[in-house]
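Residue numbers (the UniProt record's numbering), protein chains in the order written: chain A, 1 to 574; chain B, 1 to 330.
Data first, discussion second: the structure below is written as structure tokens.
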Amino acid sequence: MHMNRPSRGLIGLVAVAAMVLSASACAGGGKEDKGPDSSIGFAECVQKPNTCNTGKTKAGGTIVYGLGKDIKAWNTLSSAGNTLEYSYALFGVLPRVHLFYPDLSVQVNKDLMDSVEITSKSPMTVVYKIKKEAVWNNGDPVSADDFIYTWKVQNAKDCPLCKPATTAGFSSVDTLTGSDGGKTVTMVFKDPYPDWQGLFVPLYPGKFAATKGDLATSFTWLEQNVPTYSAGPYKIDKYESNFALTLVPNDKWWGAKPPLDKVIFRIITKDSELIPAMRNREINVMAPIPTADLVAQAKELSDSHWYLGKNLSWEHIDLNLKNPVLADKALRQAIFTAIDRQAIIDKTVGQYAPGTKPIGSHNFVPGMTAYKDLVESTGQGKGNIEGAKKILTDAGYKIEGGKLLTKAGTAVPTLRMRHTTGNQLRKDTCELVAESLKKLGIDVKVEQTDDLGGTLTKGDFDIMIFAWVLSPLRIGGAKQLWHSTSASNYGKWVNPESDKLLEEAAKTVGDDPKAHELINQADALMSADAYVLPLFQREVFISVNKQYTNLRPNPTNHGSVYNIGTWGLLDQAQ
Amino acid sequence: MFAFAARRLMISIPVLLVASFMVFVMITTSGDPLQALRVTNPPTPPETIALEAHRLHLDMPWYERYFNWFGGLLRGDLGPSVNVRENINEEVWSRFFVTLRLVLLAMVLALIMAIVSGVVSAVRQYSKVDYSMTFLGFLFLAMPSFWLAILLKEAGIFLNQVDGDSDSRIFFTYGDRSAFLEDPTAWNRFTDVAGHMILPTLALALITFASWSRFQRSSMLEVLGSDYIRLARAKGLRWRKVLTKHALRTALIPLTTVSALDFAGILGGAVITETIFGWHGMGQYLTDSINTRDAYALMAWLLLAGSIVVIVNLIADLLYGVLDPRIRHD
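If you want it as structure tokens, here you go:
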């Protein structure tokens, strides 16, 4: 980041009148699309996701990251603070037991932990050994107190007035005890929890929190007050509401000294303002949700690397089985067979992310070892209108006068397909689906909703398009999404065999291949039943000024900040 | 005049209350502020949702919520925000002053430009200068404010880079100041703030100046053609003195009242300008409150914006009386 030159200030005031129209047509365009830089840029990120754009840094400097939201709560464990952007802003401050890497691997944070091991499968027991030198910046050691506090505020038992974003995993823990002066923590589960590596990311300071009151009081205190505490490479120097969060190196950090003097998260809430800010070097990094316009403009930034890849969010079309018409499997299969997923991709996301392909799993995405295409073999999503008609006629349906009639001879009613307000991609998808289903004699009325949560929980839809975001830890999550008793199973698909498989997978600890296989078996049942049609993975995008190194795309929810302590100015003399 | 002002203010109170009731009904029936919590993965515990609903009074019927809010208002409590850390009272005032800074500066600039161009156009009617001023006036009048703002941003970035040194900047495109300065001396801070103010102020001022310059031109032409100006000239007064002491003074009356009446409109224009330039003012507060269904924040916005409009309109009415002795407020 480079400051303005004050001596030119007055010249600028005089120059204003002349610049208004003459410059407008000149700015922006005309530069060649160079793509990712092959030397120090992101070109290697597909092959080497964890090491691409690595470089030698020089000491000093400031980086400014365009953050999409102002920070409204500082306790990322709470429902109010459970926002990706807040987590990014605090990544350099709060310690994490595990880190999610760009290659989708989950690794122990070696700066914080000596070891993390499952020592018993029954009862499931995990032993954490914390580094002796790990301390908070007030001198308190990072210890079992922090683990116990972080557990108690999220286990739904010890703190009924806390408002955690989730109790998943923590509510399955039976006991959590410290030993070895607090540097060893033993966690015993009452129920196996295969996604246990997702716990304690992050940790909050237990001893410090205790000075603020009881669990509920301190939980709220942590939510409302800017952290003065840190056990990461950086600590917070300054926060100005709606403006910026400034981090400076934590002088009590025991790991490698971070190269930068300052990391500034500049709050820019409108994605459309990111490109001008990058061009004007008011920010040096941006990682917004990509759109066609934004990607096209980002490619014009000659002084920046850019990367457009796939993240862990996937779009899908859901049917509501509470609608008696859609309770019929044959109709559902015909609907999904008539939808052309590749055509939808080509006319929407493919406009700026060429090479996007339909995905074939409800639980894993390409790149995960457990991924299997379980949709392809069902023939769904291929836009096969004749095949769809055959499914219908075989099941006793008739198409007369452009209308689909049920076996009883009544017309299939108009189906309401809903999407979130303002999401053009989903709106276009709905229109394309309506066009396809028209060929089967099914009328689809496209409606928007500005209350996605309410619409889903009330089941106020016949067909719905939305997205789920996956975590690299996917064993327990499958049951949570697709089990017949799950609140997230909005379309109310029930399959006892699938339930059994998902329950079995959720109990499988320490044998990921077996758990994945069980999930894939359940997934195959759901695919055959035509309940949810996976469309495609969404994109991860990042653009970084070429002066900086060690930044790289990370499709997981730990984002590019996962290695914030290594970011620095590139030493050109290397 | 005092009685008139007091009466006008009293009348505006029920107007504001009716507006607040209607807006409250609309916002509370338009969706669920907790919707984001209901679609998380993993899911938010129902107990958390219930506690949050209680904090925001969502467990009450809407009419009870309204009267609860009204009772709080009388005690100076504007209610809880969807954003847990936010004190609505502090936030809305802080946003207001951000917007006010932009609006006042733009108004001053627009007034200066409008008076100068209006007077010059009138004095040199049908000259090249007049045609040029008229052209510019209509050009900016026809431009949507968001487009002009974007053009100015592009122009600013271009000029910053025109000397080939991409590390230096005069014009800033986002926010009201830089997040950091390497050398934060008083002069550097001043130029930094000035650099951030140039483009948004200009965007708002140019749009505003366009219509005002037309008012000023026609007003000046009317005055210059009046008998008392001819008399002043005939008595041998110097042209400059006639122009400044007699003609301009009278010709400023319509612009004074128009600018006061336009204040609310300029506030509206500032919503767009500050959105494009990333100023965290009233405009952003309004859109954020609507997007998050933050009913109490929206009510605070409405009350403040409504009160300002009422007060400024009252000032405009009173100015009529001050500037034109024929009008009396009884």
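C-beta: ideal position from N, C-alpha, C; glycine also.
Name the residue from the options whose alpha carbon lies nearest to the alpha carbon of residue i.
{"i": "D111/A", "options": "S122/A, P102/A, L94/A", "result": "L94/A"}
{"i": "V23/B", "options": "I266/B, A36/B, L318/B, I290/B", "result": "I290/B"}
{"i": "L248/B", "options": "R238/B, V223/B, F138/B", "result": "V223/B"}
{"i": "T125/A", "options": "D174/A, K479/A, P290/A", "result": "D174/A"}
{"i": "K389/A", "options": "L308/A, K439/A, G350/A, L301/A", "result": "K439/A"}
{"i": "N109/A", "options": "A73/A, S122/A, S313/A, Y128/A", "result": "Y128/A"}
{"i": "T566/A", "options": "Q572/A, R552/A, T556/A, N557/A", "result": "R552/A"}
{"i": "H558/A", "options": "W136/A, P160/A, G198/A, L502/A", "result": "G198/A"}
{"i": "W468/A", "options": "F461/A, L452/A, D303/A, F189/A", "result": "L452/A"}
{"i": "D176/B", "options": "F243/A, F42/A, F189/A", "result": "F243/A"}
{"i": "F189/A", "options": "K270/A, T337/A, S120/A", "result": "S120/A"}
{"i": "F67/B", "options": "N41/B, L286/B, F21/B", "result": "F21/B"}
{"i": "M26/B", "options": "A300/B, R293/B, V322/B", "result": "R293/B"}
{"i": "T62/A", "options": "A179/B, L204/B, G79/B, M143/B", "result": "A179/B"}
{"i": "I268/A", "options": "E133/A, F364/A, S241/A", "result": "S241/A"}
Under a CB-based cut-off of 7 Å, is residue i close to chain A?
{"i": "G79/B", "result": "no"}
{"i": "P33/B", "result": "no"}
{"i": "Y174/B", "result": "yes"}
{"i": "L304/B", "result": "no"}
{"i": "A179/B", "result": "yes"}
{"i": "T256/B", "result": "no"}
{"i": "T250/B", "result": "no"}
Using 8 Å for Cβ pairs, my map puts residue i next to residue j. What's the rounded Cβ distance?
{"i": "L326/A", "j": "W493/A", "result": "Going by Cβ atoms, the distance from L326/A to W493/A rounds to 10 Å, so no, they are not a contact pair."}
{"i": "G206/A", "j": "D145/A", "result": "4 Å"}
{"i": "V285/A", "j": "Y65/A", "result": "4 Å"}
Just to make sure I have the definition right: I need the residues of chain A whose C-beta is within less than 8 Å of the C-beta of residue i. Which are they?
{"i": "T275/B", "result": "K270"}
Tell me whether residue i is buried or exposed, calling it buried when 16 or more other Cβ atoms sit within 10 Å of its Cβ.
{"i": "R124/B", "result": "exposed"}
{"i": "Q284/B", "result": "buried"}
{"i": "L9/B", "result": "exposed"}
{"i": "H54/B", "result": "exposed"}
{"i": "S81/B", "result": "buried"}
{"i": "Q161/B", "result": "buried"}
{"i": "V15/B", "result": "exposed"}
{"i": "Y562/A", "result": "buried"}
{"i": "S179/A", "result": "exposed"}
{"i": "T348/A", "result": "buried"}
{"i": "P496/A", "result": "exposed"}
So, does the CB of residue i fall closer than 7 Å to a CB anywhere in chain D?
{"i": "Y126/B", "result": "Checking the listed chains, one finds no chain D in this structure; the protein chains it contains are A and B."}
Does chain B have any CB closer than 7 Å to the CB of residue i?
{"i": "T291/A", "result": "no"}
{"i": "S560/A", "result": "no"}
{"i": "Q480/A", "result": "yes"}
{"i": "E517/A", "result": "no"}
{"i": "S39/A", "result": "Annotation note: pLDDT 38 at S39/A (below 50); position unreliable, no value reported."}
{"i": "P6/A", "result": "In this predicted model, P6/A has a pLDDT of only 36, less than 50, meaning its place in the structure is not dependable; the value taken from the coordinates is given anyway. By this cut-off, P6/A is an interface position."}
{"i": "I359/A", "result": "no"}
{"i": "I264/A", "result": "yes"}
{"i": "E503/A", "result": "no"}
{"i": "A296/A", "result": "no"}
{"i": "A59/A", "result": "no"}
{"i": "T228/A", "result": "no"}
{"i": "A530/A", "result": "no"}
{"i": "I564/A", "result": "no"}
{"i": "T457/A", "result": "yes"}
{"i": "E273/A", "result": "yes"}
For residue i, go through chain B and note every residue whose CB falls closer than 7 Å to its CB, in chain order.
{"i": "W468/A", "result": "N41"}
{"i": "S488/A", "result": "N41, P43"}
{"i": "A168/A", "result": "P42"}
{"i": "V64/A", "result": "A179"}
What residues from chain A crowd round residue i, counting only those whose CB sits closer than 9 Å?
{"i": "Y63/B", "result": "By Cβ distance, chain A contributes nothing, its closest Cβ being about 21 Å from Y63/B, past 9 Å."}
{"i": "H280/B", "result": "D70, S241, N242, F243, I267, T269"}
Anything in chain A within Cβ reach of residue i, meaning under 7 Å, just list it in chain order.
{"i": "K153/B", "result": "P276"}
{"i": "A36/B", "result": "G453"}
{"i": "E52/B", "result": "S79, K163"}
Name the chain B residues whose beta carbon is nearer than 9 Å to that of residue i?
{"i": "E223/A", "result": "V84, R85"}
Against residue i, what residues of chain B qualify as contacts under a CB-to-CB distance less than 8 Å, listed in chain order?
{"i": "K72/A", "result": "N83, V84, R85, E86"}
{"i": "D450/A", "result": "S30, G31"}
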